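For the protein sequence lines, the chains are U and A, in the order given.
Residue 333 in UniProt numbering sits at position 333 of the first sequence, with consecutive numbering throughout.
Residue 244 in UniProt numbering sits at position 244 of the second sequence, with consecutive numbering throughout.
Accompanying notes for the structure given below.
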Amino acid sequence: MRSLHTPRGWAVFAALAATLLAGVPLLNALPADSALHLPDYLIPLIGKFCCYALVALAMDLIWGYTGILSLGHGAFFALGGYAMGMHLMRAMAGEGVYRSELPDFMVFLNWKELPWFWHGFEHFGFALLMALLLPALLAFVFGWFAFRSRIKGVYFSIITQALTFALMLLFFRNETGFGGNNGLTDFKRLLGFALADPAVKLGLYLLSAATLLGVYLLARAIVRSKFGRVLTAIRDAESRTMFCGYEPLYYKLAVWTLSAVLCGLAGALYVPQVGIINPSEMAPTQSIEMAVWVAVGGRGTLIGAITGAAVVNGLKSWFTAAAPDLWLYALGGLFIGVTLFLPEGLTGLAARLRRRPAPLAEARP
Amino acid sequence: MNAPRPKLEPLERHPLFVPYDVPLATAAEREVFAADVRDRPVPDVSHGPILYLEGVSVSFDGFRALNELSLYIDDGELRCIIGPNGAGKTTMMDVITGKTRPDVGQVFFGQTTNLLELREAEIAQLGIGRKFQKPTVFQGHSVFENLELAMKADKRARTSLFARLSGEQRDRIAEVLATVGLLGCEATLAGTLSHGQKQWLEIGMLLMQDPRLLLVDEPVAGMTEQETEQTAALLTSLAGRHSVVVVEHDMAFVRSIARKVTVLHEGHVLAEGDMDAIQADPKVIEVYLGEGA
Numbered sequence: 001m002r003s004l005h006t007p008r009g010w011a012v013f014a015a016l017a018a019t020l021l022a023g024v025p026l027l028n029a030l031p032a033d034s035a036l037h038l039p040d041y042l043i044p045l046i047g048k049f050c051c052y053a054l055v056a057l058a059m060d061l062i063w064g065y066t067g068i069l070s071l072g073h074g075a076f077f078a079l080g081g082y083a084m085g086m087h088l089m090r091a092m093a094g095e096g097v098y099r100s101e102l103p104d105f106m107v108f109l110n111w112k113e114l115p116w117f118w119h120g121f122e123h124f125g126f127a128l129l130m131a132l133l134l135p136a137l138l139a140f141v142f143g144w145f146a147f148r149s150r151i152k153g154v155y156f157s158i159i160t161q162a163l164t165f166a167l168m169l170l171f172f173r174n175e176t177g178f179g180g181n182n183g184l185t186d187f188k189r190l191l192g193f194a195l196a197d198p199a200v201k202l203g204l205y206l207l208s209a210a211t212l213l214g215v216y217l218l219a220r221a222i223v224r225s226k227f228g229r230v231l232t233a234i235r236d237a238e239s240r241t242m243f244c245g246y247e248p249l250y251y252k253l254a255v256w257t258l259s260a261v262l263c264g265l266a267g268a269l270y271v272p273q274v275g276i277i278n279p280s281e282m283a284p285t286q287s288i289e290m291a292v293w294v295a296v297g298g299r300g301t302l303i304g305a306i307t308g309a310a311v312v313n314g315l316k317s318w319f320t321a322a323a324p325d326l327w328l329y330a331l332g333g334l335f336i337g338v339t340l341f342l343p344e345g346l347t348g349l350a351a352r353l354r355r356r357p358a359p360l361a362e363a364r365p
Numbered sequence: 001m002n003a004p005r006p007k008l009e010p011l012e013r014h015p016l017f018v019p020y021d022v023p024l025a026t027a028a029e030r031e032v033f034a035a036d037v038r039d040r041p042v043p044d045v046s047h048g049p050i051l052y053l054e055g056v057s058v059s060f061d062g063f064r065a066l067n068e069l070s071l072y073i074d075d076g077e078l079r080c081i082i083g084p085n086g087a088g089k090t091t092m093m094d095v096i097t098g099k100t101r102p103d104v105g106q107v108f109f110g111q112t113t114n115l116l117e118l119r120e121a122e123i124a125q126l127g128i129g130r131k132f133q134k135p136t137v138f139q140g141h142s143v144f145e146n147l148e149l150a151m152k153a154d155k156r157a158r159t160s161l162f163a164r165l166s167g168e169q170r171d172r173i174a175e176v177l178a179t180v181g182l183l184g185c186e187a188t189l190a191g192t193l194s195h196g197q198k199q200w201l202e203i204g205m206l207l208m209q210d211p212r213l214l215l216v217d218e219p220v221a222g223m224t225e226q227e228t229e230q231t232a233a234l235l236t237s238l239a240g241r242h243s244v245v246v247v248e249h250d251m252a253f254v255r256s257i258a259r260k261v262t263v264l265h266e267g268h269v270l271a272e273g274d275m276d277a278i279q280a281d282p283k284v285i286e287v288y289l290g291e292g293a
């Protein structure tokens, strides 16, 4: 375990963990008139940021470390979200507006029975499994063909955009069976816990935060392993990797699929906190934003991905409340600014400010 | 990540290499490592040559890069291949390493291994190492990690997740660091090395694979005179233990290392022999040496 981090790295991690797992609930528990009180409505928002940070970690593994820019990670995130949403819909059978066993939108469409692919989702375990398995399957098949044909760089990015766009169009259709453009919403409870209860919201937030921290350590272990060093080698000189006797196809496929699974996990955590999942999560811009998070935070550092997701989404929440029309300009400006002046993102800036050599990072003991 | 350039220690300050506080390899580790090297299929060199190219032709959009090329490299030999631009030198290397498939012809490693049936990574695992014209190293990794990644080992994704370096393997890396003159630079980011050092690192990476056959494309391009001399000494010292094929333009360099030279022209062998015989050959003078003389 010690080799995962330098002592300073562990200190940063411990501070992050303490803030997320102890600081936030503590501030939330303060009396409502205290200046430091964290209102209940902010808890799901921070929980949402944790899910986004999870996606950013997944992006960093595939982009920052392996050099493959995916602009379709929104698809994997949404698939995980839909799987969880389907469970939440099934868990409230009979309690919808129409008091039907079927989800409301099916009644509205005058469907008489549950489509076959909705079966099984009444079980939480099955739904969770699907939230991980469906993105994995899609990523594996897609990756197999793309990587085997040695599709690289901008071509790969464009195809991933097409992938998420095609999925979005598919999910928009009512006949597809996932609620069309309204998606799935109006959830009541998860595993018997009422989703509207602040304590449950806090619990879901804590689960997201703990998952984020756990996945961070996992990702760290991966990039510190020889496997991780081969990924970086593929990023820097793929042909040399091949002539060293490695088969990049399997390395890329493994990290690409893992990245998709992590997005599915994030989506499954996201939906109960946000209370809705619809095809707009698969919009191409959504996936591009995910890449922006990582670029802003700093690629190939993991901690930068988390920082970037928090900063960009924090700004977005503030902007969309204060000046909604300006958000897209601000996002564009931020991206251009980072690309021009901070190619290594905020973590690169921090390292420069410290005026110390950036940890010769992966230099060994 | 552009880390500020770390200061390079002068090599002479490191007469003894003790960079890592590592216990010596245990008997068990040594056994595993030895078994690993032993288990690789050994090319059958009972007839002398380790590499056979016979009647190989490659065309790109009607241009014949290789034209019924036949070439034999003996086991342990140091062979230089020269030829004007477009003679097919790099294409020949692409064919041997699996990057390009020939239209016709046969390529065998030893008597029995048909290279045309194998993928790039498999050919590399057989013990055929290749150095590119432009030095290609893993910029984001330290010198040590570059050598570690190149080392002959199980290269499957699954096993690499839990791979650990044994003491024996560290000894091997130290040995190669010494061979290519990069002792003391092992923690340096490869991207910050000088051009010449990158070339040596790349040769070191080839050596880590314990190759039977080394293909080296223009090793001294862009090197200083002193670096060129050091490279010549390095390549000469490798012959015998490995078969080495060097493609080079620098005639002085070729003269300094070559025992046998092959001249390629328009995709086939024009002449073959020692340097003096080659330089006296009227065909060669006409197509190649004549241009510069």
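All C-beta atoms, glycine included, are put in the ideal place defined by N, C-alpha and C.
Quick caveat, the model's predicted, so the values are computed rather than measured.
Quick one: which chain U residues come within Cβ less than 7 angstroms of residue i?
i         : result
A/Phe-120 : For clarity, residue 120 of chain A is Glu in the given sequence; the question names Phe instead. Chain U residues near A/Glu-120: Met-242, Phe-243.
DSSP state of residue i, grouped into three classes?
i         : result
A/Val-246 : strand
A/Phe-132 : coil
A/Tyr-52  : strand
U/Ile-288 : helix
A/Phe-109 : strand
U/Thr-185 : strand
A/Ser-46  : coil
A/Gly-204 : helix
A/Phe-60  : strand
A/Arg-158 : helix
U/Arg-229 : helix
A/Gly-240 : coil
U/Phe-193 : strand
A/Leu-66  : strand
A/Arg-79  : strand
A/Pro-10  : With a pLDDT of only 40 at A/Pro-10, under 50, the local geometry of the prediction cannot be trusted, and no value is derived from it.
U/Leu-30  : coil
A/Ala-271 : strand
List, in chain order, every chain U residue whose beta-carbon is nearer than 8 angstroms to that of residue i.
i         : result
A/His-195 : The contacting residues do not exist; A/His-195 stays about 15 angstroms from chain U at best.
Roughly how many angstroms separate the alpha carbons of residue i and residue j, rounded to a whole number?
i                      : j         : result
U/Phe-319              : U/Leu-328 : 9 angstroms
U/Arg-299              : A/Gly-55  : 49 angstroms
A/Phe-132              : U/Gly-177 : 54 angstroms
U/Tyr-246              : A/Ala-121 : 6 angstroms
U/Glu-113              : U/Phe-165 : 29 angstroms
A/Asp-154              : A/Phe-162 : 11 angstroms
U/Gly-143              : U/Trp-256 : 7 angstroms
A/Ser-59               : A/Asp-103 : 7 angstroms
U/Ala-295              : U/Met-59  : 10 angstroms
A/Val-220              : U/Leu-265 : 52 angstroms
U/Leu-326              : U/Thr-241 : 45 angstroms
A/Met-205              : U/Phe-156 : 30 angstroms
U/Gln-286              : A/Asp-44  : 57 angstroms
A/Met-151              : A/Ala-233 : 23 angstroms
U/Leu-4                : A/His-268 : 54 angstroms
A/Phe-253              : A/Thr-228 : 7 angstroms
U/Lys-48               : U/Tyr-41  : 12 angstroms
residue 414 of chain U : U/Leu-36  : As shown, chain U starts at 1 and ends at 365. That puts residue 414 of chain U outside it, with no answer to give.
U/Pro-25               : A/Thr-192 : 46 angstroms
Name, please, each residue of chain A whose Cβ falls closer than 7 angstroms to the Cβ of residue i.
i         : result
U/Lys-226 : Ser-160, Ala-163
U/Ala-233 : Phe-138, His-141, Leu-149
U/Tyr-246 : Ala-121, Lys-155
Using the beta-carbon of each residue, which ones in chain A are nearer than 9 angstroms to residue i?
i         : result
U/Val-230 : Leu-149, Lys-155, Ala-157, Ser-160
U/Tyr-251 : Ala-157, Ser-160
Contact check, residue i vs residue j under 8 angstroms by CB: the rounded distance?
i         : j         : result
A/Ile-50  : A/Leu-213 : 6 angstroms
U/His-87  : U/Phe-117 : U/His-87 to U/Phe-117, Cβ: 13 angstroms. No contact.
U/Leu-163 : U/Gly-72  : 5 angstroms
A/Leu-149 : U/Ala-233 : 5 angstroms
U/Leu-79  : U/Pro-39  : Rounded, the Cβ-Cβ distance is 32 angstroms, inconsistent with contact.
U/Phe-227 : A/Ala-157 : 6 angstroms
U/Ala-127 : U/Met-84  : 6 angstroms
Given that residue i touches chain A, what residues does it touch there, using C-beta distances under 8 angstroms?
i         : result
U/Ala-237 : Thr-136, Val-137, Phe-138, Gln-139
Which full runs of the alpha helix (DSSP H) of 4+ residues lie inside the stretch 70-105 of chain U, going along the chain? Within the stretch 70-105 of chain U, the complete alpha helix (DSSP H) runs of at least 4 residues are 73-91.
Can you give, in chain order, each stretch of the alpha helix (DSSP H) that sits fully within the stretch 320-352 of chain U and has at least 4 residues? Whole alpha helix (DSSP H) segments, 4+ residues: 327-341.
Whole alpha helix (DSSP H) runs in the stretch 147-178 of chain U with 4 or more residues, listed along the chain? Within the stretch 147-178 of chain U, the complete alpha helix (DSSP H) segments at least 4 residues long are 153-172, listed from N- to C-terminus.
Can you list the alpha helix (DSSP H) stretches of 4 or more residues lying completely in the stretch 186-236 of chain A, in chain order? Runs of the alpha helix (DSSP H) inside the stretch 186-236 of chain A: 195-208.
In chain order, which continuous runs of the alpha helix (DSSP H) of length 4 or greater are located wholly inside the stretch 252-323 of chain U? Counting whole runs of 4 or more residues, the stretch 252-323 of chain U contains the alpha helix (DSSP H) stretches 284-297, 303-322.
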